[in-house]
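Notes follow the structure.
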Amino acid sequence: MFNGRTTLRASVVALAVAAMIAPACAAQADPTPQELQAQIDKGNQEVEHVVELYNKVNGDLETTQAAITKLRADMAPLQATMATAQDNASALAVNAYKTGGDLGTLSLMLGATSTDTLTARVGTLQQISHSQQRDLAAYTAAKGALDTEQRRLDETLAAQSQQKTELETRRKKIEGDIARLDALQAKAEAAAAAAKVKTTTPPPATTPAKPPAVSGNAGKAVNYAWAQLGKKYVWGAAGPNTFDCSGLTMMAWKAAGVTLPHNAAQQWSKVRHISRSQLAPGDLVFYNGLGHVGIYIGNNQIIHAPNSRTVVKVAPVDIDTLYGYGRVA
Numbered sequence: 051m052f053n054g055r056t057t058l059r060a061s062v063v064a065l066a067v068a069a070m071i072a073p074a075c076a077a078q079a080d081p082t083p084q085e086l087q088a089q090i091d092k093g094n095q096e097v098e099h100v101v102e103l104y105n106k107v108n109g110d111l112e113t114t115q116a117a118i119t120k121l122r123a124d125m126a127p128l129q130a131t132m133a134t135a136q137d138n139a140s141a142l143a144v145n146a147y148k149t150g151g152d153l154g155t156l157s158l159m160l161g162a163t164s165t166d167t168l169t170a171r172v173g174t175l176q177q178i179s180h181s182q183q184r185d186l187a188a189y190t191a192a193k194g195a196l197d198t199e200q201r202r203l204d205e206t207l208a209a210q211s212q213q214k215t216e217l218e219t220r221r222k223k224i225e226g227d228i229a230r231l232d233a234l235q236a237k238a239e240a241a242a243a244a245a246k247v248k249t250t251t252p253p254p255a256t257t258p259a260k261p262p263a264v265s266g267n268a269g270k271a272v273n274y275a276w277a278q279l280g281k282k283y284v285w286g287a288a289g290p291n292t293f294d295c296s297g298l299t300m301m302a303w304k305a306a307g308v309t310l311p312h313n314a315a316q317q318w319s320k321v322r323h324i325s326r327s328q329l330a331p332g333d334l335v336f337y338n339g340l341g342h343v344g345i346y347i348g349n350n351q352i353i354h355a356p357n358s359r360t361v362v363k364v365a366p367v368d369i370d371t372l373y374g375y376g377r378v379a
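So this is what it looks like as C-alpha cells:
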C-alpha cells in the first residue's frame, strides 16, 4: 500500500527523469538543411587541407627515396675502390709468403675483420705503398660520412611514412563524417520538399558550351583542364582519369611544359602573386588558407576538382573563401 511519502517520492523521480529526457531530445533534434550544408562545407575544407598535406608528404617521400638511391650509387665506386685495395693487399701478402717475407706481418693483415681494423693494420705493413694507405683511409672517411647520411635518410623516410599513414586515417574519418552528414542532409531536404519549404542551395554554375579561346601556354593549360570536366575527384590523384585539386592544376600546366608541385601551398610559393583585377585565363586561384586551388578560365569562372562528393567542374571564382591569385608564367 502506497503512503503519501511514497507518492511524493515517485512524483519527484518522474519529474527528474522528465527533466533529463527533455533536453536530451531537444539536443538530438535534426539540424536544418542550411546547418547541415555548413557542416558539410566545413568537413570538405578540412579534407582539402588533409589531402594537400598528404600530397606534400608524398612529394617529400619521393625526394627522400631519390636521395637514398643516389647515396647508394655514390657508395658503389667507393666499395669498388676498397675491394681493389683489399685485392692488392692480398696479392702483396701472398708474394711476401712466397718470397719468405714477414709472416707475422702477414698474420696481422689477414686477421683483419673489418674496414677499420684492416685500415689500421695495413698501415703497419711496409709492403703496401703510401698511396694505397691513403686510398683506404679516404674510403674509410667517406664511407663513415655516407653511413651517417644513410641513417639520417632512413629515419626521415620512416617519419614521413608514419605521417602519410596518419593523414590517410584522418582523411577517412572526416570523409566518414561527411557521408553521415550527407544522409542527414538528404533526409532534411526531403522533409523540406514535402513541406514545400524552399532551401537556399545555390544554383550550379553555368558551363560554357566550349572552352574559351586562349593563346600561348595559358591556353594549353586551360584546354587541358577543360578536357577533364566530369572526371571523378580522387584524393592524391593527378590523372589521367581522376584528380584532386592540385593534381588538376599541376597536370594542366604540365601540358604547357611548366612543372608545378602536387600541393596547393607549394604551388602558391611558385607563382607570381597578382590581384583580382589582373586575373587572366590560366592563372591559379587559391582558397581556404591554401587548402584548395583551381584554374581561372575567364568570365569570373574557374575549373576545379572540388571534393570526393563530385567531379571536375566549372564554378564561380567566389565559390569558396579566397586566399589569393597567382600567375604561373
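Position in the sequence shown (from 1) plus 50 gives the number in my numbering.
Note that beta-carbon positions come from the ideal geometry of N, C-alpha and C, so glycine has one too.
Checking 7 Å against the spacing of the C-beta atoms, do A400 and H312 come in under that value?
Residue numbering for the chain in the displayed model covers 51 to 379; residue 400 lies beyond these limits and cannot be assessed.
So, using beta-carbon positions, are V107 and K282 closer together than 7 Å?
Here residue 107 refers to the residue found at position 57 when the sequence shown is read from its first residue. Here residue 282 refers to the residue found at position 232 when the sequence shown is read from its first residue. Not in contact: V107 and K282 (Cβ atoms no closer than 7 Å).
Counting Cβ pairs, one atom from each stretch, are 3 or more of them under 8 Å apart for the region 105-121 and the region 262-277?
no
Could you tell me which of H99, G269, L86 and A245 sits nearest to V378, measuring between CA atoms?
Your numbering for residue 378 matches position 328 in the sequence shown. Restricting attention to H99, G269, L86 and A245, the CA atom closest to the CA of V378 is found in G269.
Just checking my contact of V97 with N357 at CB under 8 Å: how many whole Å lie between their CB atoms?
For the purposes of this step, residue 97 is taken as the residue at position 47 of the sequence shown. For the purposes of this step, residue 357 is taken as the residue at position 307 of the sequence shown. Yes, they are in contact, since the Cβ atoms of V97 and N357 sit about 6 Å apart, within 8 Å.
Could you compute how far the alpha carbon of L186 sits from the alpha carbon of R201?
On the sequence shown, position 136 is the one that residue 186 refers to. On the sequence shown, position 151 is the one that residue 201 refers to. Distance between the alpha carbons of L186 and R201 is about 22 Å.
Can you grab the Cα-Cα spacing for the pair A130 / G194, in whole Å?
Sequence index remark: in the sequence shown, residue 130 carries index 80 (1-based). Sequence index remark: in the sequence shown, residue 194 carries index 144 (1-based). Taking the straight line joining both Cα atoms gives about 16 Å.
Does K363 pass the burial test, meaning 16 or more other C-beta atoms within 10 Å, or should it be called exposed?
What you label residue 363 is simply residue 313 of the sequence shown in a count that begins at 1. With 16 or more Cβ atoms within 10 Å of its Cβ, K363 is classed as buried.
Note the first and the last residue of the continuous alpha helix (DSSP H) segment covering L372.
If you number the sequence shown from 1, residue 372 lands on position 322. In this chain, L372 is not harboured by any alpha helix (DSSP H); it is covered by the beta strand (DSSP E) spanning L372 to R377.
A364 by DSSP, collapsed to three states: which one?
Here the question's residue 364 lines up with position 314 in the sequence shown. According to the sequence provided, residue 364 is Val. The question's Ala does not apply to it. It is a strand residue.
Taking the straight line between their C-alpha atoms, what separation do you get for D344 and R322?
As a working note, residue 344 is residue 294 in the sequence shown. As a working note, residue 322 is residue 272 in the sequence shown. Residue identity differs from the one stated: residue 344 is Gly in this sequence, not Asp. In a straight line, the C-alpha of G344 is about 15 Å away from that of R322.
Is it true that the CB of L279 sits closer than 7 Å to the CB of E37?
With the chain represented from 51 up to 379, any question about residue 37 goes unanswered, as that position is not in the structure.
On the CB-based measure, 16 or more other CB atoms within 10 Å of its CB, does A315 come out buried or exposed?
By 1-based counting over the sequence shown, the position of residue 315 is 265. With 16 or more Cβ atoms within 10 Å of its Cβ, A315 is classed as buried.
Counting only the same chain and skipping the five closest in sequence on each side, list residues whose C-beta sits under 7 Å from that of D341.
Reading the sequence shown from its first residue, position 291 is the one you call residue 341. Going by the sequence as given, residue 341 is Gly instead of Asp. Only Q95, E98, H99, E102 and A314 meet the Cβ criterion.
Once the 5 residues before and after T249 are set aside, which same chain residues still bring their CB inside 6 Å of it?
Residue numbering aside, residue 249 sits at position 199 when the sequence shown is read from its first letter. Residue confidence is low: T249 scores 48 on pLDDT, short of 50, so the model does not pin down where it sits. Its coordinate-derived value is still stated next. Within the same chain, T249 has close Cβ partners P83 and A242.
Look up T292 in the DSSP assignment and say whether it is helix, strand or coil.
As a working note, residue 292 is residue 242 in the sequence shown. Strand at T292.
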